[in-house]
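Asks: Sharing a structure with you now.
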Amino acid sequence: MVTVNRNYLKLPGSYLFSTVARKVAEYQSANPGAEMIRLGIGDVTQPLAPAIIDSLHKAVDEMAGKETFRGYAPDLGYEFLRSTIAKNDYQDRGCGIGADEIFVSDGAKSDSGNIQEIFGLDNKVAVCDPVYPVYVDTNVMAGRTGAYNPEHDNFDGVIYMPCKEENGFLPELPKETPDLIYLCFPNNPSGAAITRDRLQEWVDYANKTGAVIIYDAAYEAYITEENVPHSIYECQGAENCAIELRSFSKNAGFTGVRLGFTVVPKALERDGVKLHTLWARRHGTKFNGAPYIVQRAGEAVYSAEGKAQLKEQISYYMRNAKVIYEGLKNAGYSVSGGVNAPYIWLKTTDGMSSWEFFDYLLDKAHVVGTPGSGFGAQGEGFFRLTAFGTYENTVEAIERMKKL
Ligand code: MLT
């Protein structure tokens, strides 16, 4: 008889952003006249930059020519993109990452979900709380956790590192030693950033204990402060303990185009094995490469025009972040984030739970955000707004919230 992967049954409810989308759709169908402003999921609203569009067009034309048509992409990514990434994102920042340590993929969500596959099921996982739900859910699915604990609103067998207001929404080194440590900076959902010195402490800790850090740097393009690292490889010794995940979604608007990459340094060994070899094996077996035209679009992100155009796009979103941050602060909200990240993290008002505040905002202001408790127990009483809306909608949303 067929059996199912019962680990899936440990997961309560549906994926956070599916639940939000369903609730918004229900509200919209009951209130068809409501003009909704969506600042929930971190999805971009600005069109692709002209340099990227040009590159896509050119690549599409190449697919029409006998001489230039491409079939399967190399499963680790085209050399032109991997070497461009290695130079611009790493070598120019003084990080010794080579093109052959970069694995191109269809996005950081897949990579952050898949990376756990190369590790044994007996590894102990540590995550921040609140946390991007993919890290936890995929470890639950794999069977690396115990059951859901309704009393604590978390999973047994996982080390949760509380990120609270009093510690600047940053995790402390855990008391119990983990094997895998997921860190995301600039942080989703809180928008908190970590300094290079603080991150160095994590790298030193991982090298000392033998843990591996899975570092999600999807939001690095939003960093504005000098002492905040863009990559974990800016820290000494990180190539011996860290895997880095990167996305083209947030820095270049590829949420619908799909492109990302993972860095697995060749120096990173655990259990007598190079993790690079395992990830290459996994990638080769399960992935047929990101599309050629998309990889050419990714290359254009690093061209002089691409860089200039994307700098403007990021400034556009960061202007929204400022509108949200300052508007809500002036209205008496307790807010954080928004300085090195496109997320603003606010405290709910009048003792409302995160989901109560979600319903309240939806109903009274027709503004959609994301309940903090959806990211973990420590997110309860908090709420996330994204800066990825249009400027006009962002201004309007904050005006509506001020009137509540
Ligand atoms: C978010 O809103 O947290 C992100 O957009 C989700 C994602 O990137 O998968």
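Position 264 of the sequence shown, counting from 1, maps to 384 under the numbering used here, and the rest follow consecutively.
We put the CB at the ideal spot given by N, CA and C, even for glycine.
These numbers come from a predicted model, not from an experiment.
Can you tell which of A410, K370, N208 has the C-alpha that lies nearest to the C-alpha of L168?
Replies: When only C-alpha atoms are compared, the closest one is K370.
Asks: Closest to A228 by CA distance: which of D273, N243, A410, L159 is it?
Replies: Checked all of D273, N243, A410, L159; the closest Cα to A228 is A410.
Asks: Between A179 and E425, how many whole angstroms is the CB-CB distance? I'm expecting something under 8 Å.
Replies: Not a contact, Cβ separation roughly 16 Å.
Asks: Name, in chain order, the residues that DSSP records as bridge partners for M281.
Replies: Per DSSP, C248.
Asks: Would a C-beta distance cut-off of 8 Å place D195 and N408 closer than the cut-off?
Replies: It is a contact, given that the beta carbons lie within the stated cut-off.
Asks: CB of K229 to nearest heavy atom of ligand 1: below 7 Å?
Replies: Indeed, a heavy atom of ligand 1 lies less than 7 Å from the Cβ.
Asks: Exposed or buried, what is P270 when buried is set at 16 or more other beta-carbons lying within 10 Å of its beta-carbon?
Replies: Counting Cβ neighbours within 10 Å, P270 comes out exposed, since fewer than 16 surround it.
Asks: Less than 8 Å separating the beta-carbons of R366 and G380?
Replies: Contact: yes.
Asks: Hey, is the segment 495 to 510 in contact with the segment 148 to 168, meaning 3+ C-beta pairs nearer than 8 Å?
Replies: Judged by Cβ distances under 8 Å, the segment 495 to 510 makes contact with the segment 148 to 168, as three or more pairs qualify.
Asks: With a 10 Å radius around its C-beta and 16 neighbouring C-beta atoms as the bar for buried, classify P305 as buried or exposed.
Replies: Checking the sequence shown, residue 305 turns out to be Phe, not Pro. It counts as buried.
Asks: For the segment 469 to 496, list the alpha helix (DSSP H) runs that are entirely contained and at least 4 residues long, ordered along the chain.
Replies: Qualifying alpha helix (DSSP H) stretches, in chain order: 474 to 485.
Asks: Can you tell me whether L448 is helix, strand or coil according to DSSP?
Replies: Helix at L448.
Asks: Can you tell me which residues form a DSSP beta bridge with G380?
Replies: Answer is S225, S367, bridged to G380.
Asks: With H, G and I counted as helix, E and B as strand and the rest as coil, what does DSSP make of G153?
Replies: The answer is coil: DSSP assigns G153 none of H, G, I, E or B.
Asks: Excluding sequence positions up to five away, which residues of its chain have a Cβ less than 6 Å from the Cβ of A193?
Replies: Counting only Cβ-Cβ distances below 6 Å, and skipping sequence neighbours, we find G409, Y412.
Asks: List the whole-angstrom C-beta distance separating C248 from P291, where the pair is believed to meet the contact cut-off of C-beta under 8 Å.
Replies: Confirmed, about 5 Å.
Asks: Please report the distance separating the alpha-carbon of L466 from that of E182.
Replies: Computed Cα separation, rounded: 48 Å.
Asks: Please go through the same chain and pick out, in chain order, the residues whose beta-carbon is closer than 8 Å to the beta-carbon of N327, but skip the five residues on each side of it.
Replies: Excluding residues within five positions, the ones whose Cβ falls inside 8 Å are G357, N360, C361.
Asks: Could you compute how far the alpha carbon of E346 sits from the alpha carbon of G452?
Replies: Straight-line Cα distance between these residues: approximately 29 Å.
Asks: Where does the unbroken alpha helix (DSSP H) through K328 begin, and where does it stop?
Replies: 316 to 329 is the span of the alpha helix (DSSP H), which, as asked, contains K328.
Asks: Do V383 and C355 have their C-beta atoms within less than 8 Å of each other?
Replies: Their beta carbons are not under 8 Å apart, which means V383 does not touch C355 by this criterion.
Asks: Distance, Cα to Cα, A246 vs V256?
Replies: One C-alpha to the other measures close to 9 Å.
Asks: Please determine whether the Cβ atom of I161 lies at a distance below 7 Å from any heavy atom of ligand 1.
Replies: Yes, ligand 1 has a heavy atom inside 7 Å of this Cβ.
Asks: Considering G457, what are the terminal residues of the beta strand (DSSP E) in which it resides?
Replies: Unbroken beta strand (DSSP E) run through G457: 455 to 457.
Asks: Just tell me which of G392, E500, Y480 has its CA closest to the CA of K523.
Replies: Ranking the options by Cα distance to K523, first place goes to Y480.
Asks: Taking the beta carbon of V348 as the centre, do at least 16 other beta carbons fall within 10 Å, making it buried, or is it exposed?
Replies: So V348 counts as buried.
Asks: Assuming Y252 and P132 form a contact by the criterion Cβ under 8 Å, report the distance between their Cβ atoms to the nearest whole angstrom.
Replies: The pair is not a contact, with the Cβ atoms about 17 Å apart (cut-off 8 Å).
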